[in-house]
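In terms of our numbering, the sequence shown opens at residue 62 and continues consecutively.
The C-beta atom is built at its ideal place from N, Cα and C for all residues, glycine as well.
Note that the structure is a prediction, hence the values are computed from the model and not measured.
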Amino acid sequence: MKEIALRIDVDTYRGTRDGVPRLCETLAKYGVKGTFYFSVGPDNMGRHLWRLLKPAFLWKMLRTNAAGLYGLDIVLMGTAWPGPRISKHLAAQIRAAAEAGHEVGFHAWDHHRTQAKIDTMSDEEIREEFRRGLAELERIVGFAPRTSATPGWRTTERLLRIKTEFPFDYNSDCRGYAPFRPEIPGAPLQIPVTLPTYDEICGRDGVNDANYNDRQIALLREDKLNVLTIHAEAEGGKCAAMFDGYLDRVQKLGYQVIPLGEAAKRYADASKGSCSPQPFPGREGWLSVQDK
Ligand SMILES: [Zn+2]
Numbered sequence: 062m063k064e065i066a067l068r069i070d071v072d073t074y075r076g077t078r079d080g081v082p083r084l085c086e087t088l089a090k091y092g093v094k095g096t097f098y099f100s101v102g103p104d105n106m107g108r109h110l111w112r113l114l115k116p117a118f119l120w121k122m123l124r125t126n127a128a129g130l131y132g133l134d135i136v137l138m139g140t141a142w143p144g145p146r147i148s149k150h151l152a153a154q155i156r157a158a159a160e161a162g163h164e165v166g167f168h169a170w171d172h173h174r175t176q177a178k179i180d181t182m183s184d185e186e187i188r189e190e191f192r193r194g195l196a197e198l199e200r201i202v203g204f205a206p207r208t209s210a211t212p213g214w215r216t217t218e219r220l221l222r223i224k225t226e227f228p229f230d231y232n233s234d235c236r237g238y239a240p241f242r243p244e245i246p247g248a249p250l251q252i253p254v255t256l257p258t259y260d261e262i263c264g265r266d267g268v269n270d271a272n273y274n275d276r277q278i279a280l281l282r283e284d285k286l287n288v289l290t291i292h293a294e295a296e297g298g299k300c301a302a303m304f305d306g307y308l309d310r311v312q313k314l315g316y317q318v319i320p321l322g323e324a325a326k327r328y329a330d331a332s333k334g335s336c337s338p339q340p341f342p343g344r345e346g347w348l349s350v351q352d353k
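In structure tokens:
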């Protein structure tokens, strides 16, 4: 079937402002549509980066050149002053992606807070993230998104239960190998991400910018749905030329790049499955991973 479902996570102010338009251009060049998961509330990612200042994270910063990747203003954002609200200033960029025919999904209200505090937030606080974020996206694009992706793949059973209260057709909240239906009443289809992200593998095991695309392409499977996450901050910034080259190569290899929603339709009767918090190579702390 040779398919790659493409998910674009937009975590920051800068990613929305600069990365989204750039990615829209690149995707248009190859006639490709993807699923953008937007963060729309305050950008406090700088706080997120500083919170993680410990040896393993410092090593990762050096390994991936985070200041170069995210920009110093992003690294500092939300540390000394409150982060700016993305949807207030950058509605035009979000709307343009929708108008270009890309699928629009909900990533977060406050990406930093949700990723860092999902374990300690109350049910009501989590609901409020969804309410505010979905209302804001609806205001911008004219409809409420039918899909969501939790920040940092930090999904718990409690979060999956809360999500059933919102009208999502499918979600993408974990890492794994194949679409499945969680064993939670009313929970819609899950489409796990099957491939690693740039910051997870670049700088490790001999992977660098020169051979990154080779490594990603070697991981593609012809016999199953491939799901790739790119970030507006990376593939829409420092890694833009590399991602352009990736699309060129996968298309020449006969792969079709599609939005997650298109794949979701075909997996409506996927079998039951589950995911659980696990450590993950190249990431701090835990991620939700599909159980075998
Ligand atoms: Zn994210």
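Checking 7 angstroms against the spacing of the C-beta atoms, do residue i and residue j come in under that value?
i, j, result
"GLN317", "GLU64", "yes"
"VAL256", "LEU280", "Correcting the residue identity first, residue 256 is Leu in this sequence and not Val. A contact, by the Cβ cut-off of 7 angstroms."
"SER335", "ASP309", "no"
"HIS172", "ASP72", "yes"
"ARG193", "TRP170", "yes"
"SER349", "PRO342", "no"
"ILE223", "ASP180", "no"
"ALA301", "VAL81", "no"
"ARG236", "PRO212", "no"
"GLY166", "THR216", "no"
"ARG83", "GLY297", "yes"
"HIS163", "LYS94", "yes"
"ALA158", "PHE97", "yes"
"ILE201", "ALA161", "no"
"GLU190", "SER148", "no"
"ILE319", "ALA89", "no"
"ASN269", "GLY306", "no"
"THR225", "ASP70", "no"
"HIS168", "ALA210", "yes"
"ALA325", "LEU286", "no"
"PRO103", "ARG146", "yes"
Can you tell me whether residue i is buried or exposed, with buried defined as 16 or more other CB within 10 angstroms of its CB?
i, result
"PHE241", "buried"
"TYR74", "buried"
"ASN272", "exposed"
"PRO246", "exposed"
"MET62", "exposed"
"PRO249", "buried"
"ILE278", "exposed"
"ARG68", "buried"
"TYR91", "exposed"
"PHE304", "buried"
"SER332", "exposed"
"ASN99", "Looking at the sequence itself, residue 99 is Phe, so the reference to Asn does not match. It is buried - the Cβ of PHE99 has at least 16 other Cβ atoms within 10 Å."
"PRO13", "Residue 13 is absent from the structure shown; the chain starts at 62 and stops at 353."
"ASP330", "exposed"
"GLY203", "exposed"
"ARG282", "exposed"
"ASP234", "buried"
"ASP260", "buried"
"LEU195", "buried"
"LEU321", "buried"
"GLY264", "buried"
"GLY144", "buried"
"ARG174", "buried"
"GLY315", "exposed"
Let me check one thing: in DSSP terms, what residues is residue i bridge-paired to?
i, result
"GLU164", "THR96"
"GLY334", "PRO243"
"TRP347", "PRO340"
"SER209", "PHE167 and ASN232"
"LEU250", "TYR231"
"GLU189", "Answer is none; GLU189 lacks a bridge partner."
"GLU218", "GLU218 pairs with nothing; no bridge assigned."
"PRO103", "ARG146"
"VAL71", "PHE99"
"ALA66", "VAL288 and ILE319"
Any beta carbon of chain C sitting closer than 7 angstroms to that of residue i?
i, result
"GLU323", "Within the model displayed, chain C is absent; a lone protein chain is all it includes."
(request) Output the residue ranges of the beta strand (DSSP E) runs that lie fully inside the region 286-322 and measure 3 residues or longer, sorted by chain position. (result) The region 286-322 is shown to contain whole beta strand (DSSP E) runs of 3 or more residues at 287-292 and 317-319, in chain order.
(message) Considering only heavy atoms of ligand 1 and the C-beta of each residue, which residues fall inside 5 angstroms, strictly closer?
(response) Any heavy atom of ligand 1 within less than 5 angstroms of a residue's beta carbon puts that residue on the list, which reads ASP70, ASP72 and PRO212.
(request) Ignoring anything shorter than 4 residues or poking outside the region 258-287, list the alpha helix (DSSP H) runs there in chain order. (result) Runs found: 259-262 and 273-279.
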